[in-house]
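Note that this note's numbering numbers the sequence shown so that position 125 is 127, with each residue one more than the last.
Contents: one structure, followed by commentary.
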Amino acid sequence: MQAPIDFNTVDENNYQGGIGGSEAPDAGDGLRYTDIKSTLKSKADAMLPYFGEECTIKVFHRNWQYRQEGVSKFIAQIPEVFEKGSAEGQIQSVNSAVLSTIVEIFKDKVQQIIMLSFDASEEYIQ
């Protein structure tokens, strides 16, 4: 039986106390499309043409540290993606992809990512 998690000990070097309970990913670990759950691949496919492969894989990755990094990139790219989508006449597709991604971010169980979901929705509204 494992010892209970002491949530007061979570820091950059000790991720075991965090909600995700997983260690930080190794720098050598590559990002693969297969790291996305099969139930989320349709949402990832909608996001892929607008946000790129790296951002998409990180947003839907199984590892919460990658998801946190991916959501931050997603938030930063929202204005640029909408600008490009409106110029190309694809605003409905972009809007659908962004909204479905924000909904998935809100469903996350990791507190850090849930906090970022508020930033994502705020950026979407602007």
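The beta-carbon is built from N, C-alpha and C at its ideal position, and this holds for glycine as well.
Computed from a predicted model, the values in this text were never measured in an experiment.
Beta-carbon gap between residue i and residue j smaller than 8 Å
i: F76; j: A122; result: yes
i: I104; j: S119; result: yes
i: Q79; j: I115; result: no
i: L42; j: E106; result: yes
i: V96; j: V83; result: yes
i: E72; j: K86; result: Per the sequence shown, the amino acid found at residue 72 is Gly instead of Glu. Not closer than 8 Å, so no.
i: Y68; j: V100; result: no
Reference residue i, options the options, closest by Cα
i: K39; options: I93, F62, P51, L50; result: F62
i: Y35; options: N65, T58, F53; result: T58
i: A90; options: N65, S44, Y52; result: The residue you asked about is not Ala; residue 90 is Glu in the sequence shown. Of the listed residues, the one whose Cα sits closest to E90 is Y52.
i: D110; options: S44, W66, Q94, E55; result: W66
i: R64; options: Q128, M117, Q94, D37; result: D37
Endpoints, alpha helix (DSSP H) assigned at residue i
i: Y52; result: 43–53
i: N97; result: 93–108
i: R69; result: 66–89
Helix, strand or coil at residue i according to DSSP, with G and I counted as helix
i: S24; result: Summary for S24: the model assigns pLDDT 46, below 50, so the residue's position carries little reliability; its value from the coordinates is reported in the next sentence. If DSSP states are grouped into helix, strand and coil, S24 belongs with coil.
i: E124; result: helix
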